[in-house]
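Using our numbering, the first residue of the sequence shown is number 2, and each one after it goes up by one. Here a beta-carbon is modelled for each residue, glycine too, at the ideal position from N, C-alpha and C. None of the values given here were measured: they were computed from a predicted structure. The block underneath contains the structure these notes are about, expressed in structure tokens.
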Amino acid sequence: MPIHKFTIADASLKRSPGQDGDIFTGNLLDQRHGGPVTIGFGRYGPNQTLEETMAVHDTMVVLEGKITVSDNQMSVTAGPGEIIAMQKGDKVTICSHEEGTVTAYVTYPHWQQPDT
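Below, the structure is given as structure tokens:
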């Protein structure tokens, strides 16, 4: 597999599956490219909330804004340059703050079937 470089401008951001909020994701590298992980960018509008049971291991790197992830035991907030890791099966609430949030993510295994 060749070396890849991506920017958020390369991502085709689409509404996150199963929700109608201002939350968008864009896979850039996934099973179509032969690798074991999916990488991409996410964009959360201001004050968005997503409740999710993680179907995959998901690592988010915050690029802009802040994001808070909570489960039934704790809550963590991350800003630019910080990472939040969620494990498969975790029941989490993900909340963006007033300025919205931009993230990069890596999931294992792939979290979504590619568009055909």
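Beta-bridge partners of F42 (DSSP): G27, A105.
DSSP places K67 inside the beta strand (DSSP E), whose first and last residues are 58-71. Annotated three-state conformation of I4 is coil, per DSSP.
For A79, the enclosing beta strand (DSSP E) begins and ends at 76-79. Assignment of A86 by DSSP, reduced to helix, strand and coil, places it in the strand class. Counting the other Cβ atoms within 10 Å of the Cβ of T104 gives 16 or more, which makes it buried.
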